[in-house]
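Asks: Under full-length UniProt numbering, the first residue of the first sequence carries the number 1, and numbering increases by one thereafter.
Just so it is clear, CB atoms sit at the ideal spot from N, CA and C, and this is done for glycine as well.
If you're wondering where the values come from, they're calculated on a predicted model, not measured in any experiment.
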Amino acid sequence: FLWIDPARGRFQYNTFRGERNYSCFSSSDFYSSLGLEDFLSVGDISGTEEDTDSAILYGTLRGSVVGLRYYTGIVNNNEMVALQRDPNNPYDKNAVRVNNVNGDQVGHIKKELAAALAGIMDSKLAVVEGVVPYGAKNVFTMPVQMSFWGREENREAVLDQLKRHGFKLSPPLKGNRFGSKWISGRAGPSYSAPVHAAVQLTTEQLKSEFDKLFEDLKEDDKTCEMEGAETVGTLLLPHQKQALAWMVSRENSNDLPPFWEERSDFYYNILTNFAEKKRPENIRGGILADDMGLGKTLTTIALILTNFQDGKPLPVERITNDKFCEDQFEQHIHQDFNVNIYVYYGSDRSKDPSVLSEQDIVLTTYNILATDYGIRGGSPLHKVKWLRIVLDEGHTIRNPNAQQTKAVLNLEGQRRWVLTGTPIQNSVKDLWSLISFLKMKPFTDREWWHRTIQRPVTTGTPGGLGRLQSLIRSITLRRTKTSKVKGKPVLELPERKVLIQHVTLTEEERQVYQSVKEEGKAAISRFFSEGTVLAHYADILGVLLRLRQLCCHPHLCVNTSSSFSAGESEFSLVFDNKTPEELRETLVKKMKLVLSSGSDEECAVCLESLTVPVITRCAHVFCKPCIFEVIRSEQPNAKCPLCRNKLRVEHLVECPPEEEIDSSNGKKSDQEWISSSKVNALMHALIELRRDSPNAKCLVVSQFTTFLSLIENPLKESGFAFTRLDGSMAQKKRVEAIQCFQSSQAGSPTVMLLSLKAGGVGLNLTAASRVFLMDPAWNPAAEDQCFDRCHRLGQKHDVVITKFIVKDSVEENMMKIQNKKRKLAAGAFATKKPSASEVNQTKINEIKALIDL
DNA sequence: ACCGCCGGGTGCC
DNA sequence: ACCGCCGGGTGCC
Numbered sequence: 001f002l003w004i005d006p007a008r009g010r011f012q013y014n015t016f017r018g019e020r021n022y023s024c025f026s027s028s029d030f031y032s033s034l035g036l037e038d039f040l041s042v043g044d045i046s047g048t049e050e051d052t053d054s055a056i057l058y059g060t061l062r063g064s065v066v067g068l069r070y071y072t073g074i075v076n077n078n079e080m081v082a083l084q085r086d087p088n089n090p091y092d093k094n095a096v097r098v099n100n101v102n103g104d105q106v107g108h109i110k111k112e113l114a115a116a117l118a119g120i121m122d123s124k125l126a127v128v129e130g131v132v133p134y135g136a137k138n139v140f141t142m143p144v145q146m147s148f149w150g151r152e153e154n155r156e157a158v159l160d161q162l163k164r165h166g167f168k169l170s171p172p173l174k175g176n177r178f179g180s181k182w183i184s185g186r187a188g189p190s191y192s193a194p195v196h197a198a199v200q201l202t203t204e205q206l207k208s209e210f211d212k213l214f215e216d217l218k219e220d221d222k223t224c225e226m227e228g229a230e231t232v233g234t235l236l237l238p239h240q241k242q243a244l245a246w247m248v249s250r251e252n253s254n255d256l257p258p259f260w261e262e263r264s265d266f267y268y269n270i271l272t273n274f275a276e277k278k279r280p281e282n283i284r285g286g287i288l289a290d291d292m293g294l295g296k297t298l299t300t301i302a303l304i305l306t307n308f309q310d311g312k313p314l315p316v317e318r319i320t321n322d323k324f325c326e327d328q329f330e331q332h333i334h335q336d337f338n339v340n341i342y343v344y345y346g347s348d349r350s351k352d353p354s355v356l357s358e359q360d361i362v363l364t365t366y367n368i369l370a371t372d373y374g375i376r377g378g379s380p381l382h383k384v385k386w387l388r389i390v391l392d393e394g395h396t397i398r399n400p401n402a403q404q405t406k407a408v409l410n411l412e413g414q415r416r417w418v419l420t421g422t423p424i425q426n427s428v429k430d431l432w433s434l435i436s437f438l439k440m441k442p443f444t445d446r447e448w449w450h451r452t453i454q455r456p457v458t459t460g461t462p463g464g465l466g467r468l469q470s471l472i473r474s475i476t477l478r479r480t481k482t483s484k485v486k487g488k489p490v491l492e493l494p495e496r497k498v499l500i501q502h503v504t505l506t507e508e509e510r511q512v513y514q515s516v517k518e519e520g521k522a523a524i525s526r527f528f529s530e531g532t533v534l535a536h537y538a539d540i541l542g543v544l545l546r547l548r549q550l551c552c553h554p555h556l557c558v559n560t561s562s563s564f565s566a567g568e569s570e571f572s573l574v575f576d577n578k579t580p581e582e583l584r585e586t587l588v589k590k591m592k593l594v595l596s597s598g599s600d601e602e603c604a605v606c607l608e609s610l611t612v613p614v615i616t617r618c619a620h621v622f623c624k625p626c627i628f629e630v631i632r633s634e635q636p637n638a639k640c641p642l643c644r645n646k647l648r649v650e651h652l653v654e655c656p657p658e659e660e661i662d663s664s665n666g667k668k669s670d671q672e673w674i675s676s677s678k679v680n681a682l683m684h685a686l687i688e689l690r691r692d693s694p695n696a697k698c699l700v701v702s703q704f705t706t707f708l709s710l711i712e713n714p715l716k717e718s719g720f721a722f723t724r725l726d727g728s729m730a731q732k733k734r735v736e737a738i739q740c741f742q743s744s745q746a747g748s749p750t751v752m753l754l755s756l757k758a759g760g761v762g763l764n765l766t767a768a769s770r771v772f773l774m775d776p777a778w779n780p781a782a783e784d785q786c787f788d789r790c791h792r793l794g795q796k797h798d799v800v801i802t803k804f805i806v807k808d809s810v811e812e813n814m815m816k817i818q819n820k821k822r823k824l825a826a827g828a829f830a831t832k833k834p835s836a837s838e839v840n841q842t843k844i845n846e847i848k849a850l851i852d853l
């Protein structure tokens, strides 16, 4: 089995000493430490993907497919076909191939028509789709009905190009004449004679429609229960037994995949009208989409142990663990099971596939998977045929252009599972990667997914949503925290309260804060007047970071502010009077600032954690493969996705192998300990809490690990027993810290210092019933996720969360933006992705709001 | 006839 | 392809 998890912390054995460890220190960490990650998550800005969602139908055209007798690909009447440019054809550089749904070539578009299409297709002015209305049995040529899709602003150009070759589009006909003419009566491609925007569902409608997918839990195949194998060693809850039964039945089932029918002597796909003799393989897996905290990981471990072969369990020795262990992989499997587990992670990972093949379970991360995918000689992970592949937090692969997604899609293994609490994050589009991973024919090819599911749903074509529903229903099990099993909620959680505790800075703190603020504000105003805001984005984030740090404790920004007031040098990259070596050093320095600010975030191209960070000359950090792809696809005039400055491969600077990035950030033992208003507020609350309920445990959460280190001082002074968990800790230490904190023994720690994004969503800290959030995150979801680490299955008490917010500061402004974001998120499903310029405008507005401009 | 017409050879891009 | 197109054979009625 291969188990892939995004949370490197979860099984991270190496430390970063002596090597680069991007999981601990990525530039996204930096953005996230600023709490502005969503600023940077600007969607598909790589520019490689046609914006298929805003495409409209220009019209249709009848043409012919020729040369049928030279090819083996066959089609049915009404079957969809793909038109593919064939620019290297020796006889005609305009050639356009016609392929059936399976990808087999059927023929070519007749040359006169191909001459007209070539330019349109190459310049991506329109997407051309085909359906063969009749004549499927023809020997030499057959007709093809083509639909032209593109953005409104390209319509004229397309019509013009066609006209110049003597073709004219027929208007997009509304059903009748068209339909009756070439769609025979059967359940056919009502989408290939598209009626654009018939009934456009509102966002709200779509969302509520979609939620209905999972309401019906009475389906038989999802309510049977099954006991886990003895070796599971933990009692499963009823809903977990249901999930186990469902997963086992999916792995062992021989049903046809959705949308396939058996007809006399062949198998028929009712969406594309494609048929073949070979039985399409069943999807031996699916999506387990239970809400966070319902025990997806535990259930999947139960599956691994219970359904090894022919429904028999994995032959391993019985384990001896009687404590109820929730969800965490290493807590669960590592200590308790006598199975071979290989953690494929760290620089000493074996590149020998046979080493991997010997294991029962191999654990790895998306980052490792993606990094290895590109290596010379191939990734060992991709050379093994796995029995089962599990994508934990599987929505990680939502972006089809990301290296991680590509690496995942190319893994081989029969049983394939996606675990995710949020299968649909923003839109139907997010689903494609998951569906494709499940190897569901014909959706592994994005064109068929788009034509048969995505477009019908987003344009509101009647029946489209129904299609999506039946697809999802057949491969997904989802229960929410409020779902019921046998009339009882699967999860009965105590209450959760969030309090805002305002903090006023002392006179002295205020002075420092104001001076840094004025200085930063002046610089940012200058960027506004120069129109270089986006070019100085990293610097602006730096200013905001300092302000946020000052709200916490004056010592936090000592290191980062060294060159801040030194004048131009930090804010503008003046190239003219710098040697290449000096320039390189400046960029490396910037990247290190970016890489060293603790916690974790994303590359703005792939929206995933950074694999191999590189910095551009305009000082933006991306994954190396991502930015290379941008440059390749936009050549020769590639522009930075964040600021639109020119990009050149030879200007990219990689992070040099590092001594130790973080060395200076720790405790300053030589520096005398002083407190701060926020620390005082925390200590006051902690001492009060200890007096009133001595056994209560609490989490003290910050995005700044240095801040956590500072807080250790007063905790010691006041005699608190505490422990600590942050992203830089070795795995062993982490497990120790967690177990120690979760223990109910007398004298066990009552306080845990926790970095906001430490651990994956699986992190279980239910011993705590109080949370003190020391600094706000810009993205409220990150906070919520953190709160859920104690407000989850196993929590016995009401949970009280206190957020410390400094009055009249950037923190208050962040709260306002948080609220806006919350409202947006509430109605965000399936809304159109904002354009790059909209995103930039939002960024600019938010910068203004944050620094009172 | 530097045409028309006939009928055989032939056939994607 | 039971087509179109090509190019050689042919030539009043």
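Is A198 helix, strand or coil when you go by DSSP?
Replies: Since pLDDT at A198 reaches only 40, below the 50 mark, its modelled position is unreliable, and no value is offered.
Asks: Where Y344 and V316 are concerned, what is the direct C-alpha to C-alpha distance, given to the nearest angstrom?
Replies: Approximately 21 Å, taken between the alpha carbons.
Asks: Which of helix, strand or coil does DSSP assign to G413?
Replies: DSSP places G413 in strand when its eight states are reduced to three.
Asks: By DSSP's criteria, residue 854 is part of a beta bridge. Which residues make up the other side?
Replies: In this structure the chain extends from 1 to 853, so residue 854 is not present and cannot be described.
Asks: Whole angstroms are fine: how far does the CA of I844 sit from the CA of V516?
Replies: Cα to Cα, the separation comes out at about 20 Å.
Asks: Please classify F167: does DSSP put it in a helix, a strand, or coil?
Replies: Three-state DSSP puts F167 in coil, outside helix and strand.
Asks: Classify N367 as helix, strand or coil using the three-state DSSP reduction.
Replies: Three-state DSSP puts N367 in a helix.
Asks: Name the one or two DSSP bridge partners that R632 has.
Replies: Paired residues: none, contrary to the question.
Asks: What three-state label does DSSP hand F707 in the structure shown?
Replies: Here F707 sits in helix by DSSP.
Asks: For V498, which residues in the same chain have their Cβ closer than 6 Å to its Cβ, ignoring the five residues on either side in sequence?
Replies: Excluding positions up to five away in sequence, the list reads I801.
Asks: For S41 and V605, I'd like the C-alpha separation in whole angstroms.
Replies: Its pLDDT being 30, under 50, S41 is placed unreliably in this model, and the value from its coordinates should be taken loosely. Distance between the alpha carbons of S41 and V605 is about 8 Å.
Asks: Mind checking whether L169 and Y58 have CB atoms under 8 Å apart?
Replies: The answer is yes: Cβ separation under 8 Å.
Asks: Helix, strand or coil: how does DSSP classify G598 here?
Replies: At G598, the pLDDT of 37 sits below 50, so the modelled position is not reliable; the number obtained from the coordinates is stated separately. In this structure, G598 counts as coil in the three-state DSSP scheme.
Asks: DSSP has K646 in a bridge; who is on the other side?
Replies: Paired residue(s): K639.
Asks: Would you list the one or two residues that DSSP bridges to G107?
Replies: Per DSSP, V98.
Asks: In angstroms with no decimal places, state the Cα-to-Cα distance between P400 and A126.
Replies: The straight-line gap from Cα to Cα measures roughly 21 Å.
Asks: In terms of residue numbering, what span does the alpha helix (DSSP H) encompassing K521 cover?
Replies: Here the alpha helix (DSSP H) through K521 covers 507 to 530.
Asks: Is it the case that the Cβ atoms of G285 and R455 are separated by a distance below 8 Å?
Replies: No. Outside cutoff.
Asks: Taking DSSP as the reference, what is the three-state secondary structure of T461?
Replies: Three-state DSSP puts T461 in coil, outside helix and strand.
Asks: Is the separation between the beta-carbon of F741 and that of A767 shorter than 8 Å?
Replies: Closer than 8 Å, so yes.
Asks: Is L381 closer than 8 Å to L411 when the C-beta atoms are compared?
Replies: Yes, these two residues count as a Cβ contact at 8 Å.
Asks: Any idea which residues DSSP pairs S755 with across the strands?
Replies: Answer is S702, bridged to S755.
Asks: Report the option in K589, A685, W673, E654 whose CA atom is closest to the CA atom of V503.
Replies: Out of K589, A685, W673, E654, A685 has the C-alpha closest to the C-alpha of V503.
Asks: Could you pull out every residue in the same chain whose Cβ sits closer than 7 Å to the Cβ of A407, ignoring the five residues on either side in sequence?
Replies: L369, A370, Y373.
Asks: To the nearest angstrom, how far is it from the Cα of F704 to the Cα of S755?
Replies: Approximately 7 Å between the Cα atoms of the pair.
Asks: Need the endpoints of the alpha helix (DSSP H) that P353 sits in, please.
Replies: Note, P353: alpha helix (DSSP H), 353 to 357.
Asks: Going by DSSP, name the residue or residues bridged to D5.
Replies: DSSP output for D5 lists T365 as bridge partner(s).
Asks: Express the C-alpha separation of Q795 and L493 in angstroms, rounding to a whole number.
Replies: Distance between the alpha carbons of L493 and Q795: 7 Å.
Asks: Closer than 6 Å by C-beta to P238: which residues in its own chain qualify, once you throw out the five before and the five after it? Chain order, please.
Replies: So the list reads V485, once near-sequence residues are dropped.
Asks: In whole angstroms, give me the CA-to-CA distance for L298 and K241.
Replies: Near 11 Å, if we compare the C-alpha coordinates of K241 and L298.
Asks: Just the Cα atoms here: how many angstroms apart are K757 and L725?
Replies: Cα to Cα, K757 sits roughly 10 Å from L725.
Asks: Assuming H502 is part of the alpha helix (DSSP H), what are its boundary residues?
Replies: Premise fails: H502 lies in the beta strand (DSSP E), 496 to 503, not in any alpha helix (DSSP H).
Asks: Would you identify the three-state DSSP class for S769, choosing helix, strand or coil?
Replies: S769: strand per DSSP, three-state reduction.
Asks: On the DSSP bridge assignment, give the partners of M146 in chain order.
Replies: Answer is L61, G130.
Asks: Let me know the secondary structure DSSP gives I183 once reduced to three states.
Replies: Summary for I183: the model assigns pLDDT 35, below 50, so the residue's position carries little reliability; its value from the coordinates is reported in the next sentence. Correct three-state label for I183: coil.
Asks: In terms of residues, what are the limits of the beta strand (DSSP E) holding R613?
Replies: Correcting the residue identity first, residue 613 is Pro in this sequence and not Arg. That run of the beta strand (DSSP E) goes 613 to 615.
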